[in-house]
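Undergrad: So the protein lines, in turn, are chains C and L.
Using my numbering, read the first sequence as starting at 631 and increasing by one per residue.
Using my numbering, read the second sequence as starting at -4 and increasing by one per residue.
Quick reminder that beta carbons are idealized off the backbone N, C-alpha and C, glycines included.
No experiment lies behind these values; they were computed from the predicted model shown.
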Amino acid sequence: MEKTNMNSRNEAPNFPRGTKLLGKWNRNVYHILKPLGRGATGIVYLADSKYGKVALKIGHNSMSITSEVNVLKHFGKVQGQILGPSFIDTDDCIVRGQKHPFYVMEYLQGVPVFDHLKEHGNEWAPVFMVQLLGDLSRLHRAGWVFGDLKPENLLITGPPYRVRWLDVGGTTIKGRAIKEYTEFYDRGYWGIGDRKADEQYDLFAAGMIFIHLIEKKRFEKGNDGKQTLMTCLERNEQLRPYRHWLKKMVQGSFQDAEAARTDLMKFIAKREDRHRKVDQSARPKRRKKMRKKAQKQPALVGIVDLVLVIAFLLITSVLYLVGQMI
Amino acid sequence: MSKGTLKQILLLTDGCSNDGGDPAAIAALAREENITVNVIGVLEEGSLNEEAYDEIDKIATAGGGISQVVYMKQLAKTVQMVTRQAMTQTLQGVVNKELSQILGREQEWDDLSPEKRGEVMEVVDDLGERVDFEVVILVDASASMRNKLRTVQEALVDLSISMDSRGGSNYYTLLTFPGKRNDTDIIKGWTSGITGLSGLFDKISVGGITPTGPAIQAAIQQFQSRKRRSMISYGEDEYELEERGS
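Below, the structure is given as structure tokens:
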């Protein structure tokens, strides 16, 4: 939806820096600082408030804003680690005679995933995958499916570096139809399954994110979506080691996110191990050289020994003879 | 609350009607029959016809639906989004009506506090998942649409993937206009899935005129003929539903 032409009256308003928003119901005041991003359902601004710096999403459609607030509130109820940004407030404001619904959430500071990989290297991609799968597992256990999973909806906070969810608007109760999706990460688009919210729907999207992070670009499905994907996994040097895991991700072979996470962890460990073995097989060469040197040394030592023994024997025999003579 | 049936007409067109009167007037009639009319304007990159834009907007407004103008590439996703949004909007209207009945006064969505809205939205979401859905897909097959029909077909298959992922039942019928002899041709009668559509558009005749109004009229009649038929085979239908439920 990012590029579609919406009727102008449907668009969320553009607020200049310093715009003051007053909530109609809760009477909280927000000062707009700058826009942070533009989504399918509205614009997210950085704002100043009595809660400190917050992210404020203002929309044109009261229903979708309400839906997102519902999801954010449910996220708060998912026990343990905080999964998405935490929810702060929701209200209506009137600007230039027009009523706009908005909601306020925690402002997460971080960098987009791609920027992080550019700076710190692709080896972070599997690490973020493991983190993401852990979060997905917790979300799924609470009865929800993320839905619109894509790099744009992820942010890297820290250090310590941690992947976080930005936009939770597409989150759907398990078993229902997915509300929001982006074609490249949608298994329906690739002809690999339906749009029913289940664990495997998110795992497909997560697999596609990994492909996108390494491949650095999205591509189209062509005539046979599945075939296009499989070819990509074989063709890309950096993806090939992960192809078995990725195939399981996109084909929905993992029972749940935890199984996918364990499998990836095992693979990473094995890879590390192999790296270590490669190091070890390099080491013996060095040792052989050392052994060669060592083999030379005994010969030398032998000669010295012999000379010493002979000298010792000579000296003792000379001393003995001298002793006899006295 | 009974889960009921939602009725929609989905009109895909790229230009202005030039035959058979004002399509917005017919769309207003559809609305009286509790049928929502959604319009998607299919454009080629770089072309934007103000007049077409205006007509598309007017039909949807009169028909209580949603309109959106898109380029070919985004068609599949837009069809799905518009259908879904219109569904939610209609359901919200229904829930609103029930609310004001329960509360005994005119209480509109916007007058509710954000907290109450959240609760109502949960009901709407739940209904959207379970409600039965009937849609007449009305495709403009005038000459300028010819090279767009393949994309339209893909978009429709995509729509069925989304709708069939819901809990409620889905029925579709596909009409093109202008027809060979009448205003419209029925390409596919009422069916519960649009998969297996490939090649359907190959055989259709592409005409010069664009009778959008009469086409919407024909779409309204499709709902009436379905109602009559389902009343005759009522027992059978019920059996089918039960089977799906188990």
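1. Which residues of chain C have a Cβ atom closer than 7 Å to the Cβ of TRP104(L), listed in chain order?
2. Going by DSSP, which residues form a beta bridge with MET735(C)?
3. Interface residues of chain L around ALA807(C) at Cβ under 7 Å?
4. Step through the CB atoms of chain L and report whether any lies within less than 8 Å of the CB of GLY818(C).
5. According to DSSP, simplified to helix, strand and coil, what is HIS661(C)?
6. My assumption, with CB atoms under 8 Å, is that GLY882(C) sits in contact with ASP797(C). Please give the rounded CB distance.
7. In chain C, which residues lie less than 9 Å from PRO173(L) when you measure between Cβ atoms?
8. In terms of DSSP beta bridges, what is VAL757(C) paired with?
9. Rounding to the nearest angstrom, what Cα-Cα distance links ALA250(L) and ALA22(L) in this structure?
10. Report yes or no: is there a C-beta of chain A within less than 8 Å of the C-beta of THR56(L)?
11. At a Cβ threshold of 8 Å, is THR696(C) touching chain L?
12. Comparing alpha-carbon positions, which option in ILE803(C), GLU813(C), GLY689(C), GLY953(C) lies nearest PRO781(C)?
13. Please confirm whether ARG916(C) has its beta-carbon closer than 8 Å to some beta-carbon of chain L.
14. Tell me whether the beta-carbon of ASP719(C) lies closer than 8 Å to the beta-carbon of TYR737(C).
15. What's the C-alpha gap between LYS729(C) and LYS650(C)?
16. In whole angstroms, give me the CA-to-CA distance for GLN3(L) and ALA755(C).
17. Below 8 Å CB to CB, which residues in the same chain sit around GLY855(C) once its five sequence neighbours on both sides are set aside?
18. Over the uninterrupted beta strand (DSSP E) stretch that includes ALA677(C), give me the two end residues.
19. My assumption, with CB atoms under 8 Å, is that ARG221(L) sits in contact with GLU129(L). Please give the rounded CB distance.
20. May I ask you to report which of helix, strand or coil DSSP gives VAL701(C)?
21. I'd like to confirm something about VAL659(C): is its beta-carbon nearer than 7 Å to some heavy atom of the ligand ADP, or not?
22. Going by beta-carbon coordinates alone, are VAL64(L) and TYR48(L) separated by less than 8 Å?
23. So ASN658(C) and LYS687(C) are supposed to be a Cβ contact under 8 Å. How far apart are they, rounded?
24. Using a cut-off of 7 Å between C-beta atoms, extract the partners of THR720(C) located in chain L.
25. Please state if the CB of GLU845(C) and the CB of LEU869(C) are separated by a distance shorter than 8 Å.
26. Checking the sheet assignment: what are the DSSP bridge partners for LEU652(C)?
27. Assuming the contact rule is C-beta atoms closer than 8 Å, GLY10(L) and ASN44(L) should be a hit. Round their C-beta distance to whole Å, please.
28. In chain order, which continuous runs of the alpha helix (DSSP H) of length 4 or greater are located wholly inside the stretch 36 to 87 of chain L?
29. In angstroms, rounded to a whole number, what distance separates the CA positions of VAL741(C) and THR78(L)?
30. Is there a C-beta anywhere in chain C that falls below 8 Å from the one on THR85(L)?
31. Please name the residues in the stretch 824 to 845 of chain C whose beta-carbon is closer than 9 Å to at least one beta-carbon of chain L, in chain order.
32. Only counting the same chain, and skipping five residues up and downstream in sequence, which positions put a Cβ closer than 7 Å to that of LYS809(C)?
33. Give the range of the alpha helix (DSSP H) segment to which ASP745(C) is assigned.
34. Just to confirm before moving on: does the CB-CB distance between ASP17(L) and ILE204(L) stay below 8 Å?
35. Exposed or buried, VAL939(C), counting other C-beta atoms within 10 Å across all chains shown (16 or more means buried)?
TA: Reading from the atomic positions:
1. Result: SER692.
2. Residue pairing by DSSP puts MET735(C) in a beta bridge opposite ALA685(C), PHE717(C).
3. Per Cβ cutoff of 7 Å: GLU124, SER157, SER160, ARG161.
4. Closer than 8 Å to some Cβ of chain L, the Cβ of GLY818(C) qualifies, so yes.
5. Correct three-state label for HIS661(C): strand.
6. Approximately 24 Å separates the beta-carbon atoms of GLY882(C) and ASP797(C); this is outside 8 Å, ruling out the contact.
7. At a C-beta separation below 9 Å, PRO173(L) has no neighbours in chain C, since its nearest C-beta there lies roughly 27 Å away.
8. Answer by DSSP bridge pairing: none, since VAL757(C) is not bridged.
9. Residue 250(L) lies beyond the range of chain L shown here (-4 to 241); nothing can be said about it.
10. Reference to chain A is not applicable here, since the protein chains of this structure are C and L.
11. Yes, contact with chain L.
12. Ranking the options by Cα distance to PRO781(C), first place goes to GLU813(C).
13. Low per-residue confidence applies at ARG916(C): pLDDT is 49, beneath 50, and the placement is therefore not dependable, though the value from the model is reported in the following sentence. ARG916(C) has a beta carbon lying at 8 Å or more from every beta carbon in chain L.
14. The answer is no: Cβ separation not under 8 Å.
15. Going by the C-alpha atoms only, they are around 14 Å apart.
16. Looking at the two C-alpha atoms, the distance is approximately 44 Å.
17. Here the set comprises TYR819, TRP820, GLY821, ILE822.
18. Unbroken beta strand (DSSP E) run through ALA677(C): 672 to 679.
19. The Cβ separation is near 7 Å, so the contact holds.
20. VAL701(C): helix per DSSP, three-state reduction.
21. No copy of the ligand ADP appears in this structure; indeed no ligand is present at all.
22. In this structure, VAL64(L) places its C-beta atom within 8 Å of the C-beta atom of TYR48(L).
23. The beta-carbon separation of ASN658(C) and LYS687(C), rounded to 15 Å, does not stay under the 8 Å limit for a contact.
24. Under the 7 Å cutoff, chain L gives PRO109.
25. With contacts defined as CB atoms closer than 8 Å, LEU869(C) and GLU845(C) qualify as a contacting pair.
26. Bridge partners of LEU652(C) according to DSSP: VAL659(C).
27. About 7 Å separates the beta carbon of GLY10(L) from that of ASN44(L), a gap short enough to meet the 8 Å contact definition.
28. Listed in chain order, the alpha helix (DSSP H) runs fully inside the stretch 36 to 87 of chain L are 45 to 57, counting runs of at least 4 residues.
29. Here the C-alpha atom of VAL741(C) lies approximately 35 Å from the C-alpha atom of THR78(L).
30. Chain C, which has no Cβ nearer than 8 Å to the Cβ of THR85(L), makes this no.
31. Residues ASP824, ARG825, LYS826, ALA827.
32. Excluding the 5 residues flanking it on each side, LYS809(C) has same chain C-beta neighbours closer than 7 Å at GLY777, GLY800, THR802, in chain order.
33. Taken as a continuous stretch (DSSP letters only), the alpha helix (DSSP H) holding ASP745(C) covers 743 to 750.
34. Between ASP17(L) and ILE204(L), the gap from beta carbon to beta carbon reaches 8 Å or more.
35. The residue in question, VAL939(C), is exposed, as its Cβ has fewer than 16 Cβ neighbours within 10 Å.
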